[in-house]
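Novice:
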Amino acid sequence: MDEKFLKPYDPKSTEGKIYKLWEESGFFNPDICIAKGVTKADAPSFSILMPPTNANGSLHAGHGLVMTIEDIMVRYKRMRGFRTLWLPGLDHAGFETQVVYEKKLEKEGKTRFDFPPEELYKNILDFTLENSKNIKSQVAKMGASCDWSREKFTLDPEIVKTVYQTFKKLSDDGLLYRGKRIVSWCPRHQTSFSDLEIADVEKTEKFYYFKYGPFTISTSRPETKFGDKYVVMHPADKRYAEYKDGQKITAEWINGPVTGTIIKDEAVDMEFGTGVMTITPWHDTADFEIAKRHDLKMEQIIDLKGKLLPIAGEFAGQHISKAREAIVEKLRGKGLVEKIDENYKHNVHTCYKCGTTIEPQVLPQWFIKMKPLAEKALERIKAGEIKYIPDHYEKITTHWLENIMDWNISRQIVWGIPIPAKICDGCGEGYVDLDDTLSKCTKCEGALRKDTDTFDTWFSSGQWPFATLGFPDGKDFKDFYPTDVMETAGEIIFFWVSRMIMLGIYRTGKVPFKTVYLHGLVLDAKAQKMSKSKGNVINPLDLTEKFGTDAFRMGMVVGNTPGTSLALSEDKIRAYKNFANKIWNATRFVLESTQDFDTKASPTVSEKDKGLLAELDDAMRDITKDMDNFRYYLAGEKLYHYFWNTFADVIIEESKPIISGTDESAKQSRQSTLLHILKTCLKALHPFVPFVTEEIWSSLEDTESLLMVENWPA
RNA sequence: GGGCGAUUAGCUCAGUUGGUAGAGCGCGUCAUUGACGUUGACGAUGUCAGAGGUUCGAAUCCUCUAUCGCCCACCA
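For the first sequence, this note's numbering assigns the number 2 to the initial residue and increments by one for each residue that follows.
1) Ignoring anything shorter than 4 residues or poking outside the segment 353 to 386, list the alpha helix (DSSP H) runs there in chain order.
2) Are I321 and I303 closer than 7 Å when you measure CB to CB?
3) Nearest to C428 by CA position, among M2, D342, I418, T443, is which residue?
4) Measure how close the beta-carbons of D551 and A581 come, nearest whole angstrom, since I'm counting them as under 8 Å.
5) State the start and end residues of the unbroken alpha helix (DSSP H) segment that holds P658.
6) Shorter than 6 Å, the distance from the beta carbon of G637 to the closest heavy atom of the ligand COA, or not?
7) Whole alpha helix (DSSP H) runs in the segment 134 to 181 with 4 or more residues, listed along the chain?
8) Would you say F644 and I678 are within 7 Å of each other, going by their C-beta atoms?
9) My parser needs the beta strand (DSSP E) runs of 3 or more residues fully inside the segment 242 to 295; what are they?
10) With a threshold of 16 other CB atoms inside 10 Å of the CB of M406, please say whether the residue is buried or exposed.
11) If we ignore side chains and look at the alpha-carbon of each, how far apart do S221 and D392 end up?
12) Buried or exposed: where does F273 fall if 16 or more other Cβ atoms within 10 Å of its Cβ makes it buried?
13) Looking at the strands, I want to know which residues DSSP matches up with E488.
14) For G65, does the three-state DSSP call read helix, strand or coil?
15) Name the residue from C147, V259, P282, E120 whose alpha carbon lies nearest to the alpha carbon of R182.
16) If you run the structure through DSSP and keep just helix, strand and coil, what is C682?
17) With a 10 Å radius around its C-beta and 16 neighbouring C-beta atoms as the bar for buried, classify V591 as buried or exposed.
18) By the DSSP assignment, the beta strand (DSSP E) with W87 in it spans what residues?
19) Measure the beta-carbon distance from M531 to A62 and round it to whole angstroms, keeping in mind my assumption that it falls under 8 Å.
20) Going residue by residue through the segment 443 to 513, where are the continuous alpha helix (DSSP H) segments of at least 4 residues, counting only ones entirely within it?
21) How big is the Cα-Cα spacing for K134 and A56?
22) Measure the alpha-carbon distance for P373 versus T588 and round it to whole angstroms.
23) Cα separation between E593 and M2?
24) Secondary structure at W713, three-state DSSP: helix, strand or coil?
25) Does the beta-carbon of V740 have 16 or more other beta-carbons within 10 angstroms, so that it is buried, or is it exposed?
26) Nearest to K308 by CA position, among T225, L379, K383, is which residue?
27) Per DSSP, which residues does D342 bridge with? Please list them.
28) Would you call the segment 396 to 412 and the segment 368 to 382 in contact, with 3 or more CB pairs under 8 Å?
29) Quick one: what's D201 bridged to in DSSP?
30) Once the 5 residues before and after E386 are set aside, which same chain residues still bring their CB inside 6 Å of it?
31) Could you check which residue in I653, A576, R554 has the C-alpha nearest to that of F692?
32) Taking all protein chains shown into account, do 16 or more other C-beta atoms lie within 10 angstroms of the C-beta of N561, making it buried, or fewer, making it exposed?
33) Report the start-end ranges of each beta strand (DSSP E) in the segment 513 to 577 that is 3 residues or longer and not cut off at the edges.
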């Protein structure tokens, strides 16, 4: 017996060595598994794409969960003989990364506007590449058996090429347009967003009632009211029946008399306020829709930095945050303030990143018509081509798809994939121009300039499944697409998962994955969301350092049902550190008890031992069923209990008198049984606790290959 | 306003197709030179949110109520 078993299991001296052994074997790569004969060339495939890690920081607890669950999946399938591919990746994570980088600049007293775009891009690229080195080593520390030779980055030339082709195809198919539409604009970050990057926050503010000609109108944003020249009311509102659609009225207003036009529209809620409102189409989504329906004129009041434009007269140049009260004062002076409700509760759109109030603006951006894409996705989902775990995510997805909005994919930031398009400064027309050949507008003959915007990062990651596998002709695409499982955070069901489904079907005609497995948030021990400001962020690497990676992995998976959040406590991880040691010491007992046993012998198995082996088979069959049904949280717990409470507490205990007894045949039977149970458990435990099991496996007498490519015991 | 989920032992949570409740941590008592104290044995603790229904039988299926949480939404 190896002397190392005389000491407790030591993860620190083991894990690095074992990972290196795995990497050098090449078995992370399915092609090498075939070449070395551990996988059959005609075996069915199993593929997972690692959600590309944001290359802007280090691994957090959520990544620990991803690496654990996905590694369990792929190790299990690999042991079952599948041609198994787990493809790792990195995401340039456009806006997210730029924000992280800006914070870094802020500490140095700079902003991104201090740098020319090319220099800024290069600096962020360097920053990203530096981070990506750390990330790779951290992913390895988690034991991830992914195929590093196939690693992809969202900015790799072949990925960008695929993304560009999709952009072009969308344009050719009439699914792309450059529209002057109202978009959500963050005045602080100086970029527009899609509807998903907006967070609603309930705020209590003042609500103002102003006299506008014969009407009283209400608003929470007096600073937008300069250009209001349409008075809108519900067509069925009897109170205002005397006013006809299109009728003109005059009103004394902020900077003098204005002419208002009556508009009747059903969007007005008769119950709300006075049932009459004036509209600001340039800065309000609902107003914009009304204006479009009635073909009304729109005017910009606020510039992109949040300052009032010349239309505001004496207030021009003031920031809206300061101008509001001054405007109200002026109206009061004119006797136009009827009343002010001090406690008006309503939802305000804010930037999900910085909390700045979103200023809707009408801007020319590239939009994708989502309805046709969503309809195809809905058909496939309803036909059962994608299995959701947990299944209620299917409902959440279909509900979102049924109410989908067009997707603004333009971002006014440098860090991202440049949009391959030209814009006419004359008429604003946009042209997709992959080869950089266009120079003149075909509409107005104006000169074209390059679009300086970049793609929404989700537009590229939304194409991840087919882009990384070499669509359309790559061997991997043929071998591994559609992928089997997409395992990721429930949080990004719309951002990423649903868009991958739509774009995957659009480009390849097939759904990109057969099963979506969604995990919940990883919270701190008190079930609170981790955040830097609260100071309760748990670094997974601190835990693996302290308790070993195997212990960490068990803690992440046991009892953690898909879709629900996990409260991560050290106590739980500590318990599984003890478990790793339990495996270690049970092994020591078995090895000590079988030192005089000839591993090549096949003794007659006693009736008693046959019973134990049958019990083992039952347990393995049950656990295998859980593995096949994605119930890792149960399989892990059952393995834990079988090993500890059945094998260690009962079987080993009752083996002691047999081993030291005089019945030689019973002894040999039990020796062979102990070895068999131990090996079976090591195999089944391997996907969960790969390091300690592999380390033990290497110390067993009659084992030659690595445990990671042994056959699953069922 | 719409949708989704949760409510089970002190804490964090399991409970796969309905068959009189489980785990980890914590707690109590005992054990101790022999695989392991990172241990072993034994034990305590729950009207499974509430009400009604289906059923021979419900934590599990249905309806309603309450509380909490999340997501979506253009009432100015």
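Backbone N, C-alpha and C fix where the C-beta goes; we use that ideal spot for every residue, glycine too.
Remember, predicted model here, so these are calculated numbers, not experimental data.
Specialist: On the basis of the coordinates in this document:
1) 372 to 383
2) Indexing the first sequence from 1 puts residue 321 at position 320. Indexing the first sequence from 1 puts residue 303 at position 302. Yes; because the gap between Cβ atoms is below 7 Å, this pair is in contact.
3) Numbered from 1 along the first sequence, position 427 holds the residue referred to as residue 428. When each option's Cα is compared against that of C428, the closest is T443.
4) Counting from 1 along the first sequence, the entry for residue 551 is found at position 550. Counting from 1 along the first sequence, the entry for residue 581 is found at position 580. Contact between D551 and A581 holds, with the beta-carbon distance rounding to 5 Å and staying under 8 Å.
5) Within the first sequence, the letter at position 657 stands for residue 658. Taken as a continuous stretch (DSSP letters only), the alpha helix (DSSP H) holding P658 covers 654 to 661.
6) The ligand COA is not part of this structure, which contains no ligands at all.
7) 158 to 173
8) In the first sequence, counting from the first residue as 1, residue 644 sits at position 643. In the first sequence, counting from the first residue as 1, residue 678 sits at position 677. No, Cβ-Cβ distance for F644 and I678 is not below 7 Å.
9) 249 to 254, 257 to 265, 277 to 279
10) The residue given as residue 406 occupies position 405 in the first sequence. So M406 counts as exposed.
11) Taking the first residue of the first sequence as 1, we reach residue 221 at position 220. Taking the first residue of the first sequence as 1, we reach residue 392 at position 391. When rounded, the distance between both Cα atoms is 41 Å.
12) By 1-based counting over the first sequence, the position of residue 273 is 272. Exposed: under 16 other Cβ atoms inside 10 Å.
13) As a working mapping, residue 488 is identified with position 487 in the first sequence. DSSP, once it has assigned bridges, lists Y518 as partnering E488.
14) The sequence position of residue 65 within the first sequence is 64, counting from 1. Looking at G65 - three-state DSSP - the assignment turns out to be helix.
15) On the first sequence, residue 182 is found 181 positions in, with the first residue counted as 1. Comparing Cα positions, the closest option is P282.
16) Your numbering for residue 682 matches position 681 in the first sequence. Secondary structure of C682 (DSSP, three-state): helix.
17) Numbered from its first residue, the first sequence carries residue 591 at position 590. Counting every other CB atom within 10 Å of its CB across the protein chains shown gives V591 a total of 16 or more, marking it as buried.
18) For this step, residue 87 is matched to residue 86 along the first sequence. Residues 84 to 88.
19) The sequence position of residue 531 within the first sequence is 530, counting from 1. The sequence position of residue 62 within the first sequence is 61, counting from 1. M531 to A62, Cβ: 7 Å. Contact.
20) Taking only runs of at least 4 residues, the alpha helix (DSSP H) segments lying wholly in the segment 443 to 513 are 458 to 462, 465 to 469, 476 to 481, 500 to 509.
21) Translated into positions along the first sequence, residue 134 becomes position 133. Translated into positions along the first sequence, residue 56 becomes position 55. In a straight line, the C-alpha of K134 is about 9 Å away from that of A56.
22) One-based indexing of the first sequence puts residue 373 at position 372. One-based indexing of the first sequence puts residue 588 at position 587. Distance between the alpha carbons of P373 and T588: 59 Å.
23) Indexing the first sequence from 1 puts residue 593 at position 592. Indexing the first sequence from 1 puts residue 2 at position 1. If I take the Cα positions, the gap works out to 7 Å.
24) As a position in the first sequence, residue 713 is number 712, starting the count at 1. W713 falls in the coil class under three-state DSSP.
25) Since the displayed the chain opens at 2 and closes at 715, residue 740 lies outside it and no answer follows.
26) In the first sequence, the residue the question calls residue 308 occupies position 307. Between K308 and the set T225, L379, K383, the nearest pair of CA atoms involves T225.
27) Mapped onto the first sequence, residue 342 falls at position 341. Its beta-bridge partners are F208.
28) yes
29) The sequence position of residue 201 within the first sequence is 200, counting from 1. Answer by DSSP bridge pairing, in chain order: H350.
30) Taking the first sequence and counting its residues from 1, the one referred to as residue 386 is at position 385. Here the set comprises V512.
31) The residue labelled residue 692 in the question sits at position 691 within the first sequence. By alpha-carbon distance to F692, the top candidate from I653, A576, R554 is R554.
32) Position 560 of the first sequence holds residue 561. By the neighbour-count rule (16 or more Cβ atoms within 10 Å), N561 is buried.
33) You should have 514 to 520.
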